[in-house]
Structure formats: C-alpha cells, structure tokens
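Read left to right, the sequence shown gives residues 441 to 765 (our numbering).
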Amino acid sequence: MEARDDIVVMTEPQWQRLWEKSAIGRRLKDGGLHLLPEEVIFCHHHRHQPLPTDDWVQQNLNLDSSLEARFLILEALRVPGNLIILTEHEHSSQWDTELESWALRWHKENHPDSAEPTAEIRWHHSSDAVDWAELLFWTSAVINKHRIPEVLVIDDEGSIVTYELSICQPQGNLSFNIDAFGEYVLEEKENRYGIDEWSMTHVGIPTRWGHRLNPSETSLLDSNTKSSTNSVHLDLLSRGLALRSGFKYGTHWRGYSGPVGKDHAPYLIDTPENAPKTWAKACLSARLAAGVNKNLLIAIEGEEIQYLQIDRPPSVRRWTNLHRR
C-alpha cells in the first residue's frame with residue numbers, strides 16, 4: 441500500500457484477489473484499489489498488507505477522531521465474512537444508497553459484482569442524539585429497496601452492538617368506540633370507579649374498589665389537552681390494543697393485542713415525548729424489551745402515526761467486537 445495525493449492505493453499483484461475475495465476498497469481504472477483509512481487498517485491487521493509508512497496509523501488516528509470507531513465497526517462486520525462497500529466510495533452510488541447510510545453489506549455467499557446488497561448500515565456513537573423522525577424515513581427507504589436497515593452503536597470503550605429496524609403495524613382484537621367512550625366520560629365524570637358494567641373494560645384500570653379511568657384516559661377528550669401522547673393513545677386504542685403502564689419496563693405503555701391477563705403484552709411503546717434521547721438509552725430500552733420477549737416500538741407523528749420497531753438481530757446477524765472488551 442502507498443499514499444498518493446492524500447489517498448492510499450494498493451497496486452501490488454494481490455489487489456485483484458483481494459477484490460474478488462473481500463470486495464474491499466474501490467477498483468481503479470488502471471488497476472489497483474483505492475482504500476479508505478479504516479480499510480487500510482483492516483487490510484494491515486487482517487490481510488497482512490504493509491502500511492504506507494510505519495507511523496501511518498498513529499498519524500491518521502491523531503488527525504481523524506472517528507477513525508478508530510469506524511475501523512472497529514468495519515472489523516466487526518468483515519471478520520464474520522460479510523462484504524462491505526463504504527458509501528464514501530464513488531462507486532457505491534450504483535446501488536442507490538441513502539445519504540445517511542455509511543455502508544452496504546453483502547452476505548458472504550454473494551458479491552457486489554453479481555448481487556444486490558443485503559443491508560444498508562449506519563453507525564452512531566452511544567452518546568449521539570436520536571432523530572426518530574429521520575430514522576423512520578431512512579428505515580422506510582431502505583426497506584423499500586428490500587434491504588435490512590442495520591444500526592451499529594459504539595461506546596467510548598469501543599464496544600459495539602447491532603440493532604435492526606422495521607416498521608410495525610401493531611394490531612389487536614379489542615373494540616373501541618370513541619363516541620361511546622366520550623358519552624360515558626360525560627355521564628360518569630364524578631364517578632371514577634363505576635364502570636364495571638361498561639363493555640370496553642380494556643380501557644381503564646381494575647382496582648379493588650371498581651374499574652376506573654386514569655387521568656391520561658379522561659384527558660383524551662379534553663379539547664384543551666392536545667399532545668402527541670394523546671394522539672398516539674387514541675391511535676393505539678383504535679387499532680384494538682389494550683394499554684397499561686410500561687413503568688416496570690422503562691417505557692410509556694405496554695400493549696396487549698387481546699384482554700389484559702389472557703396473554704402477555706407483545707409491545708412496549710414509547711411516545712414522541714418519552715422516546716429515548718440518545719443511542720445509549722435506545723439500546724438499553726431495546727435490550728430490556730428483548731429480554732422480556734417484547735417488541736420495542738417508538739411512535740412517530742407525521743401525516744399519520746407510524747411505529748418504528750427496534751430489534752436485537754438473530755445471533756447470525758449480531759455484529760460485535762472481534763475481541764471481548
């Protein structure tokens with residue numbers, strides 16, 4: 441490998457085999473590969489290629505504060521056998537990548553010369569803020585290209601976790617009539633515990649003194665109380681879900697697709713106001729949800745309310761550090 445005009449190229453005879461086996465870098469018209477800094481370090485450590493200079497890594501780490509993180513993420517992806525094209529390379533545009541995507545991933549059985557990407561990848565530092573609306577837009581765009589939206593998150597120690605995103609349409613089998621609900625609230629507003637005979641028993645909280653509505657439910661019909669939380673609450677009820685507090689799980693609600701107590705709640709749901717603000721918090725919420733066999737949904741308002749789902753991937757797609765930290 442040698443440095444030329446602020447880039448690193450590989451012109452040694454093995455470059456062609458390196459492309460055929462690993463699809464790393466960008467092929468040059470006159471032969472050879474153009475490698476980005478994280479690819480240079482990867483080729484040095486895992487393909488036994490000499491560095492342009494002995495102090496090349498140290499110099500570039502000092503100049504580029506995110507280089508170490510990018511190398512560790514590339515290493516976590518490539519060591520299991522994935523083929524990775526970084527979107528900073530000009531030729532990545534032939535696969536119609538999203539602007540926010542950092543890389544394209546091919547399963548090790550496929551190759552960019554003959555197959556479409558399996559996934560689009562973005563990475564974030566654990567302290568980065570989460571823009572949920574932008575993330576929903578990106579996820580939808582990636583899914584529309586029949587690719588897996590993958591997010592890798594790295595912390596200050598270089599530990600890496602992977603999550604997959606999807607768009608969820610939560611559905612239940614319980615009926616909810618907003619007009620009947622409104623009539624009841626108006627008629628019984630002084631009797632907070634008297635709805636035992638009411639048919640929509642999935643709305644409200646059972647207590648030893650009777651079934652009562654909680655403040656968040658009575659506020660649904662208050663024209664002076666308009667919020668994203670109320671809009672999401674009504675949307676979920678209209679989808680046939682029963683909602684209970686998600687306090688024990690660190691979310692706003694837990695959602696049941698049938699009567700409460702009959703089956704477990706498949707959903708943990710956060711509102712726009714209460715959604716995790718950083719990737720560290722988002723990873724914690726997703727891991728807790730996976731630990732109790734539930735799906736973490738983030739409600740996002742736009743022309744319609746949509747639900748972004750964050751999942752721990754199956755073990756075969758759980759990209760993480762090569763060495764335990």
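From the three backbone atoms N, C-alpha and C, an ideal C-beta is built for every residue, glycine too.
Who are residue i's beta bridge partners in DSSP?
| i | result |
| --- | --- |
| Ser606 | Gln749 |
| Ala443 | Val448 |
| Pro453 | Answer is none; Pro453 lacks a bridge partner. |
| Ile767 | Not covered by the structure: residue 767. The range shown for the chain is 441 to 765. |
| Leu600 | In the sequence as presented, Leu is not what sits at residue 600; that position holds Ile. DSSP lists Ile594 as partners of Ile600. |
Taking a contact to mean a Cβ-Cβ separation below 7 Å, would you say residue i touches residue j in this structure?
| i | j | result |
| --- | --- | --- |
| Ala559 | Glu590 | yes |
| Ala682 | His642 | yes |
| Trp542 | Arg562 | yes |
| Pro712 | Ser668 | yes |
| Ala739 | Val672 | yes |
| Leu737 | Glu515 | no |
| Asp710 | Thr691 | yes |
| Gly731 | Gly680 | no |
| Val593 | Val601 | yes |
| Gly472 | Thr451 | yes |
| Glu604 | Ile588 | yes |
| Pro520 | Asn500 | no |
| Leu677 | Gly598 | no |
| Leu660 | Gly686 | no |
| Val449 | Val480 | no |
| Gly532 | Ile524 | Sequence check: residue 532 is Ser here, not Gly. No. |
| Tyr696 | Cys608 | no |
| Asn433 | Pro716 | Residue 433 is absent from the model: the chain starts at 441 and stops at 765. |
| His486 | Trp719 | no |
| Ile745 | Ala726 | no |
| Trp759 | Leu517 | yes |
I need the boundaries of the alpha helix (DSSP H) containing residue i, first residue and last residue.
| i | result |
| --- | --- |
| Phe563 | It should be noted that the sequence gives Trp, not Phe, for residue 563. Unbroken run through Trp563 is the beta strand (DSSP E), 559-565; no alpha helix (DSSP H). |
| Thr658 | 655-658 |
Please report the residue range of the beta strand (DSSP E) in which residue i lies.
| i | result |
| --- | --- |
| Val591 | 588-594 |
| Leu475 | 473-475 |
| Ile777 | Here the chain has residues from 441 to 765 only, and residue 777 is not among them. |
Tell me, please, whether the CB atom of residue i is closer than 7 Å to any CB atom in chain D?
| i | result |
| --- | --- |
| Thr493 | Of the chains in the structure shown, none is chain D; there is only one protein chain. |
Say the cut is 6 Å; is the CB of residue i nearer than that to a heavy atom of the ligand FAD?
| i | result |
| --- | --- |
| Ala722 | For the structure depicted, the ligand FAD is absent and the ligand set is empty, with no information on it obtainable. |
Which whole runs of the beta strand (DSSP E) in the region 673-735 are 3 residues long or more, in chain order?
The region 673-735 contains these whole beta strand (DSSP E) runs: 682-685, 693-696, 707-710.
Per the contact definition of three or more C-beta pairs closer than 8 Å, is the region 478-490 in contact with the region 563-575?
Cβ pair count under 8 Å is below three, so no.
Which ranges does the alpha helix (DSSP H) cover as unbroken runs of at least 4 residues, wholly within the region 490-571, from first to last along the chain?
List check, alpha helix (DSSP H) in window: 496-503, 507-518.
Give a yes or no on contact between the region 573-583 and the region 545-557, applying the rule of three or more CB pairs nearer than 8 Å.
Judged by pairs of C-beta atoms under 8 Å, the region 573-583 does not touch the region 545-557, as fewer than three such pairs exist.
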